[in-house]
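Reviewing the structure listed below.
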Amino acid sequence: MEILERIQAFVEEVPIVLFMKGDRMFPQCGFSGKSIQILEACGAEYETVNVLSDDQVRQGIKDYSSWPTVPQLYVAGQFVGGSDILTDLYESGDLQSIIDSVKGVEPQ
Amino acid sequence: MECNAIKEFIESRLAGAEAHVEGDGRHFEAKVICDQFAEKSLIQQHQLVYGVIKEEMANDSIHALSLKTFTQDAWRQANQ
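Respectively, the protein sequence lines represent chains A and B. The opening residue of the first sequence carries number -6 in the working numbering; numbering runs sequentially from there. The opening residue of the second sequence carries number 47 in the working numbering; numbering runs sequentially from there.
Okay, structure coming up:
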């Protein structure tokens, strides 16, 4: 299966996915670390993909979303944004409602 | 890379854009004012900017670029 199809299948299957450098225990860059903090603060149930462990994914994800950097958050198969946008959405409260709208998360 | 170089790339490649760029040589912050952002989502606005510096982002001469986007009106209001 071609890398873009693999990415599409994965983001459509897993409700909340963060493509990042490193993982939630050991983020390898400040922007990735910040995104983890934001997702934790939202109480999100999410999976992470370490783009540093697969060069095909590292380039493929940028082509898939035509977004040049990582981290990238996907919710219900949709690209939500990178570190900047996640911060803006978190501060406005929009990110919490996006995350709560996904099944598997009980509204508080 | 120099801030002025990024300002030049954005303003010459994104029609009608005005850019204010700060940075340390690898991590940059840019405020971009352009009426093309009207009626676009935040992501689409940022994709417009990233689209014109795709090469510089890919070859890591710009390692990180934080963006704040404005239409002309939004910029005027922000600076009253």
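Idealized CB from N, CA, C, for every residue including glycine.
Query: Compare the Cα-Cα distances from His92/B to each of Gln21/A, Phe19/A, Asp87/A, Trp60/A and report the closest residue.; Result: Trp60/A
Query: Could you tell me which uninterrupted alpha helix (DSSP H) segments, each at least 4 residues in length, are contained entirely in the stretch 23 to 63 of chain A, listed from first to last along the chain?; Result: 23 to 34, 48 to 58
Query: Take Gly69/B and list the residues in its own chain whose beta-carbon comes closer than 7 Å to its own, dropping the five residues that flank it on each side.; Result: Cys49, Glu75
Query: Quick one: which chain A residues come within Cβ less than 7 Å of Met47/B?; Result: The contacting residues do not exist; Met47/B stays about 14 Å from chain A at best.
Query: Could you check what DSSP says for Thr117/B in three-state terms: helix, strand or coil?; Result: coil
Query: Indicate whether Lys14/A and Gln21/A have their beta-carbon atoms separated by less than 8 Å.; Result: yes
Query: Can you find the residues in the same chain that come closer than 8 Å, C-beta to C-beta, to Gly53/A, ignoring five residues on each side of it along the sequence?; Result: Ile(-4), Leu(-3), Arg(-1), Ile0
Query: Considering only their Cβ atoms, is the gap separating Ile78/A from Leu88/B smaller than 8 Å?; Result: yes
Query: Shortest alpha-carbon distance to Leu66/A belongs to which of Phe19/A, Ala37/A, Met18/A?; Result: Ala37/A
Query: Show which residues of chain A have a CB atom less than 8 Å away from the CB atom of His66/B.; Result: Under the 8 Å cutoff, chain A gives no residues; its nearest Cβ is about 16 Å from His66/B.
Query: Could you check how far apart the C-beta atoms of Leu113/B and Val95/B are, in whole angstroms? I think they sit under 8 Å.; Result: 6 Å
Query: Which one of Ile91/A, Thr80/A, Gln49/A has the shortest CA to CA distance from Met(-6)/A?; Result: Gln49/A
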